[in-house]
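Chains as they are written, first to last, in my numbering: chain Y, 1440 to 1982; chain E, 246 to 578; chain L, -19 to 75; chain S, -12 to 212.
Take a look at the structure set out below.
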Amino acid sequence: MATTAVATPERENYLNKEYGITSWLFTTDHKRIALLYLITITFFFFIGGFFALLIRLELLTPEGDLLLADTYNKMFTMHGQVMIFFFLIPAVPAVLGNFLIPIMIGAKDLAFPRINLLSWYLLAIGGCLMIYTILSGGVDTGWTFYTPLSTHFLDTHVIAAALAIFIAGFSSILTGLNFIVTIHRMRAPGMTWARLPLFVWANYATSIIQVLGTPVLAITLMMVAMERIFNLGIFNPQLGGDPLLFQHLFWFYSHPAVYIMILPGMGVVSEIVTCFSHKRIFGYKAMALAVIAIAVLGFLVWAHHMFVAGISLYAAMVFSLLSYFVAVPSAIKVFNWTSTMFKGSVSYATPMLYAFGFIGLFTMGGLTGLFLAALGIDVHVTDTYFVVAHFHYIMVGGMVMAYLGGMHFWWPKISGRMYPEFWGRLAAMIIFIGFNLTFFPQFVLGYLGMPRRYWQYSPEFQVLNVLSTAGATILAVGYLLPMVYFLWSMRYGKPAPDNPWNAAGLEWKISSPPSTFNFDETPIVTWEAYNYDEIPQEVPVGR
Amino acid sequence: MFSNTFPLWPTRASTLSGQVDALFIFLLMLCGLVCISIFIAIVVFAIRYRRRPGHRATQIEGSNAVEFTWTTIPAGIFVIIFVWGAYIYFQERTPPKDSMDVYTVAKQWMWKFQHTEGQREINELHVPIGRDVRVIMTSQDVIHSFYVPAFRIKQDVLPGRYTIAWFHATRAGTYHLFCAEYCGTNHSGMIGDVVVMEPAQFQTWLSGGQPMGSLSQQGQGLFQSLGCSTCHRLDTQGRGPNLMGVFGKPVLLEDGRTVTADENYVRESILSPAAKVVSGFKPIMPTFQGIVSEEQLNALVAYVKSLSAQPTGAGQTPTFRGPAGAKADTRQR
Amino acid sequence: MSAHIPTKKFLVTVWVSLICLTVLTAAVSYLELGPFNIVLALVIATCKMLLVALFFMGVKYISDKMTIVVIVAGLFWLFILLALSMTDYVSRPWV
Amino acid sequence: MADSPPAIATHNPDLQHHFATMEQQTEAAVMGMWVFLITEIMFFGGMFAGYMIYRFMYYQAWLEGSQHMDFWWGTINTVVLLCSSLTMAAAVRATQLGLRKSTVTLLGITILFGLAFLGIKAIEYYGHIVTDHQFPGPGFRFEGANPSQVEMFFSFYFAMTGFHALHMLIGVGLVAFIAYHAWKGRYGAHYYTPVENVGLYWHFVDIIWIYLYPLFYLISHIHRK
């Protein structure tokens, strides 16, 4: 537990108020719960990353020589499940959102602190089940659980994996519920909707998706489990079922789920870009509307995962058109971030480097999404490495960049310590280079026609695969670095001032680390978000 | 392109692949331009407005006019891309008439092809240049996906129904056939070759001997031996509908709905006869689920189809007896 | 919030209407209406749902607009799920 | 999970530290309950979507399956649930008026109605599973056309009514829980959020049944039982 590493800041804060394992495991303090989440998802990030490395190593050569076919299938399945359900979905909302939302809106805690703790326990229980699944032999359905493969043709631990995700899903639902109610009901006096930081808006939009989408995944996975237990045929054509129904229900959640993963990242980037440009966000209203628009439109496009699956021609056209509509607000956001830097005062601190990386990679990921939404092209590139590259540009290039940027940005607030700036920038650059080397070749591979989830492949694809694997090793180093220096900084880092970046926002007006109830007295908000004109722009401390 | 060991562009070997490439290249240029503009903007802003002593940020709230502009312009461009993409997709999903049919059964982990002439192949598909080829596919177990990168086509193969892909090969050669939908342990081994031949060569290959006769002949044999012909008689006296000329026509059902008698309807009528009973008939037909294999089913479908292939004389529509038949006919006009 | 306290008589009136609608829906289910059996049954069910939601659950007396938005959003999303997945199934035979 | 929003307030009837006012706390709890209920809508929504699509695809089989429902038990159960909703609504009213004794009585009656519903459901299940072998899976027996499609009907019947019954079971537990605390005198005119929230949950489960009843029992005009 992190308690041991806490040094001796003078003021009483949420970290040094109490010690001992029970003070953490039974805490209802949103900040401590955020740290519990942090530990949990970091653990799962490295498990998922380990699987990813094994996948890339296997793909170094065209022959299937490092792993057995079944093992390889389990690797990519569990890589997906662990990374999506136990890292990406909880990452920003449950760690940074949990820590920051109450503070940003001027509240002492989330509306339902005990439900918040329950959410973490659910994730932990789901996580334990996932670990059990991994240790007892794994599961090889693909993270998508496509039927009837998952229901009638595999004898791996499908039910355990489905149950793990089911339980983790309830964690996600309850987090979303908590955030929605908190943002509605707990705002400090004067903190109107138009004054909310965009990070809060982004998490609000995310919560809408979590609350409305996740139950559908839950019931779908229950039906898969029941189908296996009772040998039903809901999704099995041999017994009269329609496997496409599963895909509809699955993607009804799982497409919006990518917005669960990316929207909070967008919120983080909005905070970072404004802070390190020392400037108001360009087009606040458009930015806030855009996240809500993404959350709503994101629910109308799911069948674009199914253009070649055998759905009707006309439904495919409807979903393709709607997919373009959801691209519009994403484009707006990119334009606004870029414009925010215009005539700003741009500093190159580590979080800003991550934000640069985010904007660039998200742009590429988003633009390749236009290729995939074009029906004619999608037929060729769906289920190939083009798709793999596309969603990794969004999820890893976008989301993980944003998450790491946010971790660096708020680390002084969370831990009360500064991280080493040099190492921070170095890691950011290594990650950027490693990421592009890993995933850019995959776009080419995809258009050449290399299908995804292939354990062995045709020799002409090898050169690009070798490049990709080389990139993955660089990426792995890049991810280990922050882990190391964050831990180091908890003991040896310079103590952080309350506002090391001269940033706007309520969280920078309280002590680092915050006290248990965040605010000594409820703040009264009289300013707009990102009021950088009212904040001095000295060179930040801590360099 | 470039070389065999390090290709950077897939071969174009069908009429559609050029169209897909054209849209792809258009998008590459368009998105490349957008992408580079944004990168340049970021770099320029980051350098020009870098934080330095004496430089202060100018606060800008944003501008509704600008927001409106960069909302509507992308939206307009997106609609163009959508229409272009949908146009290609429409062609991909609507096979031309008079195509050559190849029946395909996918199973873990192989591809089985049945030509209408009776040839059978495994993991290898021979087709001629210059003909529209319809691949009528079904799966024996899980979902697979028929993917030929050189043709830029992909279609999932579902158990329990037919899905159809089509292409018109333009270039002789041997091309990859991949299964693109994860289908279990040996997914990556479920690969094959599509061999595109000159028409003359293809004819030679076809005449290489088909011991069991054409597919519809095999189907006819099954039609007799399974006893189908006792009810589905070629007159109006049978207990089941006369199947002559039915294929491809609308059928009025007992519950008032109308369906088209396509491959999937024939298939369903053999496996779940009571699901869509033709108007005027009783649901007395037994199911053939588990009795006929997927390959036999294909042969039966090919046979039923062949019953409609011969051009029938004008005014001769002996499809159904009774009012039902009359209704079905009027709807068809 | 719902400081509104309904009268006993009012609650019983709502309940009586619900029972009447139940009897009605059970009775008309004996008529042979073909596909309209289910249409009629669902219309009556929706009336019952509205009675329960508006009066028993007090939706009618919720002063707070956001809670209403939450409820409407829930129904709207259900509609999205049902309607958009049906587009596929309905239009599959069209080509 | 269902019990959590009310449980928060139940364990600690006083104002919790992170809320400014009692009103804020109440509003948060009631809104939380509504948000929870819409997740429940979507949870059942997945099954409703499946039901709708298969009814569209297998129209005949759905009519056929519906004829094997216990029409009278289903109708009686609908009435039972509506009665329980009345007593629940009356219990909330009684709490608001501070009538402790009638609150407890009404909640008790609600529990009895709930148990009656579950009992009748058990009788129906017994008939379907043991007598008629209609539980889907390898043991499913059906003489008639389209057995596998009728089996699908029964899959949805058991899944949807089963999850509904599970919600009823949780509901009975929740009502018992607040009945106990009401008996202890914890609620009154000053504080009745938990009763209100459990009431919302109970009515919601009732609404689900209001739809399940026609979807399974009434789609065919022929009632064989």
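Cβ atoms here follow ideal geometry from the backbone N, Cα and C, with glycine treated the same way.
Quick caveat: nothing in here was measured; it's all calculated off a predicted structure.
Closest Cα partner of residue i within the set the options
{"i": "S/L187", "options": "L/C0, L/E12, L/I42, L/T67", "result": "L/I42"}
{"i": "Y/F1878", "options": "Y/W1690, Y/Y1824, Y/S1854, Y/R1930", "result": "Y/Y1824"}
{"i": "E/I436", "options": "Y/W1894, Y/L1945, Y/F1618", "result": "Y/W1894"}
{"i": "E/R502", "options": "E/H371, E/K521, E/I388, E/E369", "result": "E/K521"}
{"i": "S/H190", "options": "L/G54, L/M37, L/V52, L/K28", "result": "L/M37"}
{"i": "Y/I1542", "options": "Y/V1639, Y/P1587, Y/L1806", "result": "Y/V1639"}
{"i": "S/L156", "options": "S/K108, S/A77, S/T62", "result": "S/K108"}
{"i": "Y/H1591", "options": "Y/A1546, Y/F1669, Y/G1629, Y/I1540", "result": "Y/F1669"}
7 Å Cβ cut-off: residues of chain L touching residue i
{"i": "S/T65", "result": "T2"}
{"i": "S/L84", "result": "I(-15)"}
{"i": "E/T505", "result": "P73"}
Within chain L, the residues that residue i reaches when beta carbons sit closer than 9 Å
{"i": "Y/I1554", "result": "Within 9 Å Cβ-Cβ: nothing; Y/I1554 doesn't reach chain L, min ~17 Å."}
Residue span of the alpha helix (DSSP H) that contains residue i, given as start and end
{"i": "Y/P1682", "result": "1682 to 1716"}
{"i": "Y/D1817", "result": "1814 to 1820"}
{"i": "E/M355", "result": "No alpha helix (DSSP H) holds E/M355; the beta strand (DSSP E) holding it covers 355 to 360."}
{"i": "Y/Y1571", "result": "1552 to 1574"}
Buried/exposed call for residue i, threshold 16 Cβ in 10 Å
{"i": "E/F251", "result": "exposed"}
{"i": "Y/V1597", "result": "buried"}
{"i": "L/W57", "result": "buried"}
{"i": "E/W254", "result": "exposed"}
{"i": "E/S308", "result": "exposed"}
{"i": "Y/I1480", "result": "buried"}
{"i": "E/H371", "result": "buried"}
{"i": "Y/T1659", "result": "buried"}
{"i": "E/M274", "result": "exposed"}
{"i": "E/S282", "result": "exposed"}
{"i": "Y/M1840", "result": "buried"}
{"i": "L/W74", "result": "exposed"}
{"i": "E/T557", "result": "The predicted position of E/T557 is uncertain, since its pLDDT is 42 and thus under 50; no value can be drawn from it."}
{"i": "Y/C1567", "result": "exposed"}
{"i": "S/F6", "result": "buried"}
{"i": "E/S262", "result": "buried"}
Beta-carbon proximity of residue i to residue j, cut-off 7 Å
{"i": "E/R379", "j": "E/S344", "result": "yes"}
{"i": "Y/G1844", "j": "Y/P1880", "result": "no"}
{"i": "E/R376", "j": "E/A258", "result": "no"}
{"i": "Y/G1932", "j": "Y/M1857", "result": "yes"}
{"i": "Y/Q1649", "j": "Y/I1699", "result": "yes"}
{"i": "Y/V1767", "j": "E/E337", "result": "no"}
{"i": "Y/Q1686", "j": "Y/A1748", "result": "yes"}
Chain S residues whose Cβ lies nearer than 9 Å to that of residue i
{"i": "L/Y41", "result": "Chain S residues near L/Y41: none, gap ~12 Å exceeds 9 Å."}
Run of the beta strand (DSSP E) containing residue i, from where it starts to where it stops
{"i": "E/I398", "result": "398 to 402"}
{"i": "E/R379", "result": "377 to 384"}
{"i": "E/G418", "result": "418 to 424"}
{"i": "E/F412", "result": "408 to 413"}
{"i": "E/P495", "result": "495 to 497"}
{"i": "Y/D1594", "result": "Taken as a continuous stretch (DSSP letters only), Y/D1594 belongs to no beta strand (DSSP E), as it is neither H nor E."}
{"i": "E/A367", "result": "The sequence given here has Ile at residue 367 of chain E, not Ala. Unbroken beta strand (DSSP E) run through E/I367: 365 to 367."}
Beta-carbon neighbours of residue i, restricted to chain Y and to distances below 7 Å
{"i": "E/V265", "result": "G1815, I1816, H1819"}
{"i": "E/N431", "result": "A1508"}
Contacts of residue i in chain S (Cβ-Cβ under 7 Å)
{"i": "L/K(-11)", "result": "Within chain S, no residue comes near L/K(-11); the closest Cβ sits about 11 Å away, beyond 7 Å."}
{"i": "Y/H1623", "result": "M18"}
Contacts that residue i makes with chain E (C-beta to C-beta distance below 7 Å)
{"i": "S/Y46", "result": "D500"}
Near the ligand GDP: residue i beta-carbon under 6 Å from a heavy atom
{"i": "S/V22", "result": "With respect to small molecules bound, the structure shown includes none, and the ligand GDP cannot be examined in it."}
Where residue i meets chain S, residues with beta-carbon distance less than 8 Å
{"i": "L/F16", "result": "Those within 8 Å of L/F16 in chain S number zero; the least Cβ separation is about 10 Å."}
9 Å Cβ cut-off: residues of chain E touching residue i
{"i": "S/Q136", "result": "S517, A519, A520"}
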